[in-house]
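Keeping their order, the protein sequence lines are chains W and S.
Residue numbers for the first sequence follow my numbering, so the first one is 1 and each next one is one higher.
Residue numbers for the second sequence follow my numbering, so the first one is 315 and each next one is one higher.
Taking it in order: structure first as structure tokens, then the write-up.
2 protein chains.
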Amino acid sequence: MTDNRIQGVLAPVVTPFDRTLCPDAERLVCQCRWLLCNNVGLALFGTNSEGNSLSVAEKVDLLETLVEAAIPAERMMPGTGCCALPDSVELTRQAVRLGCGGVLMLPPFYYKGVTEEGLFRSYAEIIERVGDSRLRIYLYHIPPIARISISPNLIERLLKSYPGTVVGIKDSSGDWENTRAMLETFQSQDFDVFVGSETFLLATRRAGGAGCISATANVNPGAIAALAAAWRAPDADAHQAALTALRQIFQRYPMIPALKAAISVHCGHPGWATVRPPLQPLDQDQRRSLMAELGAIGFSMPGMDGTTPSDVLG
Amino acid sequence: MTDNRIQGVLAPVVTPFDRTLCPDAERLVCQCRWLLCNNVGLALFGTNSEGNSLSVAEKVDLLETLVEAAIPAERMMPGTGCCALPDSVELTRQAVRLGCGGVLMLPPFYYKGVTEEGLFRSYAEIIERVGDSRLRIYLYHIPPIARISISPNLIERLLKSYPGTVVGIKDSSGDWENTRAMLETFQSQDFDVFVGSETFLLATRRAGGAGCISATANVNPGAIAALAAAWRAPDADAHQAALTALRQIFQRYPMIPALKAAISVHCGHPGWATVRPPLQPLDQDQRRSLMAELGAIGFSMPGMDGTTPSDVLG
């Protein structure tokens with residue numbers, strides 16, 4: 001780890017929408033404050049944020065609103081990798097201008113079977129066009145959804161060409177062997193590995209990894225952040241097992257609608273259940289079943305129940 | 315077929331870039347004129363146009379430039395389906411405002427495993443937000459790249475809810491059985507099926523289909539359009555075999571760079587070989603090999619050789 005790099009746990013912050021399906025910036029500010037109070041950083045516009053269902057202009061507007069609301073930009077790692085080069089450049093440039101601690105960058109994901117050289121050129125063009133030494137890029141490896149992979153060789157080339165700019169990766173392969181190999185290969189090169197699920201958080205920390213960026217950090221932030229910090233504690237394995245059990249409940253439902261349903265119930269705002277097409281909210285049965293499963297293990301979202309997060313955490 | 319609907323052959327017009335990787339509108343105008351002179355319509359911003367490597371603003375600018383250059387908008391079927399709802403709405407709205415004959419609409423393609431209802435809501439929101447009776451949508455089924463499918467049931471629902479607006483499909487599944495089934499099921503419902511490759515053009519026309527929208531119509535437009543028109547002629551099978559043989563050459567190379575390499579050589583403008591990352595131009599060996607294969611079958615691009623298309627066809 002170098003200087004004040006982002007470490008620990010981040011949530012791909014779920015994006016609230018109003019009745020017209022427009023982003024609700026005020027509720028997003030509240031959610032970000034609540035996450036920060038739980039020691040969780042802000043991976044805005046990630047997969048679980050419905051980041052790719054937002055336009056570039058919407059994302060820039062939201063970032064500006066968050067910064068105006070005094071949400072610390074150094075805790076933000078917004079997703080800025082789009083299909084189109086000018087979109088990635090514009091969004092990354094704005095994130096850097098606003099002081100974001102880093103950006104999480106998908107490879108362009110429409111064309112399949114592209115070459116390593118093509119992906120290298122894609123990242124290189126963005127870095128050179130943004131042309132700002134404050135830029136810190138975390139590569140985003142999520143083959144189950146993007147259907148494009150970031151190979152070890154590509155990481156190697158980017159690290160060699162852009163040291164201090166390409167500084168880490170989020171590994172959402174869901175494959176611990178892949179994360180382990182990344183940690184072994186790149187750990188010594190000032191390259192921070194975040195795993196994409198808290199299921200592997202303890203293993204990642206024990207292997208020297210930076211932390212995790214996980215969907216369920218939206219609903220269980222405090223406990224996940226506590227394990228990331230106290231991974232050497234004697235009860236760490238039991239702590240990990242509890243985190244995994246909660247995550248497994250959410251994994252039995254469509255993840256984004258399930259996260260939003262839980263937040264909606266716990267903060268008492270029905271609008272939180274709204275998702276943008278092509279996603280669909282949970283149906284009544286799914287919602288009841290999810291809340292029953294969560295109730296059975298005594299799940300709560302402290303600081304959210306009954307009052308809005310801003311009332312509690314101001 | 316109803317009134318003046320788009321029929322026959324369209325090319326997903328390849329997009330020329332300048333040295334800074336910006337779209338070169340002037341060369342695009344020339345290419346469109348040349349295609350129209352060869353009786354081929356303009357499926358701008360398709361997969362083979364690198365449409366998803368262009369920003370919404372770039373696409374709107376190009377459409378406006380083409381219309382100002384007197385390229386007939388009724389011959390245009392631009393791709394307007396993006397990942398983000400507001401982007402699809404904006405681009406579709408502009409295409410309708412400019413008088414485009416139709417739009418070719420990808421489903422939102424980032425999230426995988428989405429429901430039929432989610433895809434239906436996605437198309438429905440776009441149609442309702444654009445809110446213009448002039449809108450003609452052709453669904454774009456291209457599972458090998460989008461990794462999202464448009465099912466017969468989704469087509470059925472859209473046809474029922476939006477008759478006269480959802481008017482056809484481009485089937486780029488590469489699976490003739492799928493195209494045949496679509497023709498059989500929806501032919502009677504005023505729904506135009508375009509197949510995604512001229513390999514199936516004769517079969518499509520014989521089964522009552524509207525035509526094809528094919529990558530190689532960028533380089534072989536006249537001959538493909540001729541078969542679409544003269545599919546009842548006694549030599550139609552031989553004509554089809556010749557088209558297929560030429561396409562097979564291109565299919566041995568990365569398609570978009572190969573199309574651009576051929577255009578570059580035949581119109582004498584090296585800049586045509588440029589692609590945007592993550593795509594890569596053909597390397598020297600690939601280029602030499604492609605040109606040798608094309609030379610061996612006497613391939614030419616009449617009206618492009620030596621002079622610019624606008625000089626010839628002005």
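Heads up, the beta-carbon is just placed ideally off N, CA and C, and yes, glycines get one too.
Everything numeric in this text was worked out from a predicted model, so none of it was measured.
Against chain S, a Cβ distance below 7 Å from residue 54 of chain W picks out 398. Within the same chain, and ignoring the five residues on either side of residue 388 of chain S in sequence, the residues whose Cβ sits closer than 6 Å to its Cβ are 415.
Taking a Cβ-Cβ threshold of 7 Å, none of the residues of chain W is close to residue 456 of chain S; the smallest such distance is about 10 Å. At a cut-off of 8 Å between beta carbons, residue 128 of chain W makes no contact with chain S.
For residue 155 of chain W, the uninterrupted alpha helix (DSSP H) segment begins and ends at 152-161. It is roughly 9 Å from the alpha-carbon of residue 80 of chain W to the alpha-carbon of residue 46 of chain W. Two segments are said to touch when three or more pairs of C-beta atoms, one from each, lie closer than 8 Å; by this definition the segment 8-16 of chain W touches the segment 31-50 of chain W. Near chain W, meaning a CB-to-CB distance below 8 Å, the residues of the segment 419-434 of chain S are 421, 422, 423, 424, 425, 426, 428, 429, 431, 432, 433.
Secondary structure at residue 263 of chain W: helix, using DSSP grouped into helix, strand and coil. Rounded to the nearest whole angstrom, the C-alpha separation of residue 110 of chain W and residue 234 of chain W is 46 Å. Relative to the Cα of residue 578 of chain S, the nearest Cα in the group S/592, S/610, S/533 belongs to S/533. The C-beta distance from residue 468 of chain S to residue 430 of chain S rounds to 5 Å, short enough to fall under 8 Å.
Excluding residues up to 5 positions away in sequence, 120 lie with their Cβ nearer than 7 Å to the Cβ of residue 157 of chain W in the same chain. Of all residues in the segment 263-289 of chain W, the ones placed with a Cβ closer than 9 Å to any Cβ belonging to chain S are 275, 276, 277, 278, 279, 280, in chain order.
Sequence-ordered contacts of the segment 194-227 of chain W with chain S are nonexistent [C-beta pairs closer than 7 Å]. The DSSP-derived three-state label of residue 98 of chain W is coil. Taking C-beta atoms under 8 Å as the contact rule, residue 436 of chain S and residue 23 of chain W fail to qualify, at a distance of about 17 Å.
Look at the segment 56-69 of chain W: the residues with a C-beta under 7 Å from a C-beta of chain S are 58. Excluding residues up to 5 positions away in sequence, 119, 148 lie with their Cβ nearer than 6 Å to the Cβ of residue 107 of chain W in the same chain.
By the C-beta density criterion, residue 53 of chain W is buried, having at least 16 other C-beta atoms within 10 angstroms. Residue 581 of chain S and residue 605 of chain S do not touch by the CB rule: their CB atoms are close to 14 Å apart, not below 8 Å.
Here residue 204 of chain W is buried. Its C-beta has 16 or more other C-beta atoms within 10 Å. Along the segment 12-40 of chain W, going in chain order, the ones with a CB nearer than 8 Å to a CB of chain S are 21. The C-beta of residue 125 of chain W comes closer than 8 Å to at least one C-beta of chain S.
Listed in chain order, the non-local C-beta contacts of residue 448 of chain S below 6 Å within the same chain comprise 410, local neighbours out to five positions each way being set aside. Counted as a single uninterrupted DSSP element, the beta strand (DSSP E) harbouring residue 194 of chain W occupies residues 192-195. Taking 8 Å as the upper bound for CB-CB distance, residue 246 of chain W and residue 299 of chain W are in contact here, some 7 Å apart. As DSSP reads the structure, residue 41 of chain W sits in a beta bridge with W/10. Relative to residue 407 of chain S, the option among S/450, S/384, S/379, S/490 whose CA is nearest is S/450.
In the three-state scheme derived from DSSP, where H, G and I count as helix and E and B as strand, residue 496 of chain S is classed as helix.
If you draw a straight line from the Cα of residue 78 of chain W to the Cα of residue 43 of chain W, it comes to about 5 Å. Neighbours of residue 145 of chain W in chain S, taken as residues at a C-beta separation under 8 Å, are given in chain order as 424, 425, 426. Closest by C-alpha distance to residue 131 of chain W, out of W/144, W/89, W/167, W/65, is W/89. Among the residues of chain S, those whose CB is under 7 Å from the CB of residue 87 of chain W are 369, following chain order. Identification of chain W residues near residue 436 of chain S by a Cβ-Cβ cut-off of 8 Å yields 277, 278, ordered along the chain.
In the same chain as residue 372 of chain S, and ignoring 5 residues on each side of it, the C-beta atoms closer than 7 Å to its own belong to 337, in chain order.
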